[in-house]
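>
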Amino acid sequence: MSKSDITNKEDIKTFVNAFYKSMTSEDLVGHVFLDVMQVDWDHHLPKMYDFWEMLLLDGHSYKGTPMQPHLIVNQIVPLTKAHFEHWITLFTQTIDTLFEGPKAEEAKTKAFNIAQTWAYKFDYMNKLDK
Ligand code: HEM
187 MSKSDITNKE DIKTFVNAFY KSMTSEDLVG HVFLDVMQVD WDHHLPKMYD FWEMLLLDGH
247 SYKGTPMQPH LIVNQIVPLT KAHFEHWITL FTQTIDTLFE GPKAEEAKTK AFNIAQTWAY
307 KFDYMNKLDK
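All the letters of the sequence shown, read from the start, carry residue numbers 187 to 316 under the numbering used here.
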């Protein structure tokens with residue numbers, strides 16, 4: 187069956203929910219969310235819906251500082267290139283399972299670009315700390 191593209195906020199909720207459901211305690215990134223940070227999903231998920239709505243559909247609801255919570259995470263578990271690569275693998279798989287089209291491609295490209303930039307930043311910061 188052919189898949190449709192991401193067109194509205196419901197689609198965003200669908201892939202954000204599926205992305206976090208795909209994490210398990212056994213995987214590198216899931217371990218950080220589920221065991222280390224014990225993330226409150228009722229708080230985190232709506233922020234992520236708004237964040238992705240801003241990136242893909244020009245939404246204006248997201249009010250936050252995307253990098254900031256990761257600085258806190260990084261003090262507890264140093265975030266490595268491997269974490270970001272695994273994050274991107276899970277994210278790409280989630281999008282490819284559910285959607286197809288220009289917006290789906292844009293979601294993967296934007297996620298990849300952010301993850302790569304952050305991976306370099308954290309690698310650099312964590313090396314300076316040594
Ligand atoms: C190494 C991989 C990553 C880990 C372990 C991670 C972990 C986290 C954690 C623990 C939070 C705080 C959740 C909460 O308590 O509310 C968070 C927030 C967030 N993350 Fe990540 N993250 C990763 C990669 C990414 C990437 C690549 C993006 C963007 C494409 C991203 C976007 C965000 C945003 C937008 C927030 C909410 C920021 C706010 O408070 O406004 N994360 N992340």
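The beta carbon of each residue, even a glycine, is placed where N, CA and C say it ideally should be.
Everything numeric in this text was worked out from a predicted model, so none of it was measured.
Can you have a look at T210 and say buried or exposed, based on whether 16 or more other CB atoms are within 10 angstroms of its CB?
exposed
> Please determine, among E239, S208, M234 and F219, the residue with the shortest C-alpha to C-alpha distance to K195.
E239
> Quick one: what does DSSP say Q224 is sitting in, helix, strand or coil?
coil
> Tell me whether H272 sits in a helix, a strand or coil according to DSSP, three-state version.
helix
> Could you tell me whether the region 191-206 touches the region 282-295, using the rule of 3 or more Cβ pairs below 8 angstroms?
yes
> Output yes or no for whether 8 angstroms exceeds the beta carbon distance between H272 and L214.
Going by C-beta atoms, H272 is nearer than 8 angstroms to L214.
> Can you tell me whether F270 sits near ligand 1, meaning its C-beta is under 7 angstroms from at least one heavy atom of the ligand?
yes
> Under a Cβ-count criterion, where at least 16 other Cβ atoms within 10 Å of its own Cβ denotes burial, should L257 be classed as buried or exposed?
exposed
> Can you tell me the Cα-Cα spacing of N299 and F270, whole angstroms?
11 angstroms
> Among F201, M253, Q261 and H217, which residue has its Cα nearest to the Cα of Y235?
F201
> Kindly confirm or deny that the region 259-266 and the region 300-312 touch, where touching means at least three C-beta pairs closer than 8 angstroms.
yes
> I'd like the list of long-range same chain contacts for Q279, defined as Cβ closer than 8 angstroms, with 5 residues on each side in sequence excluded.
S208
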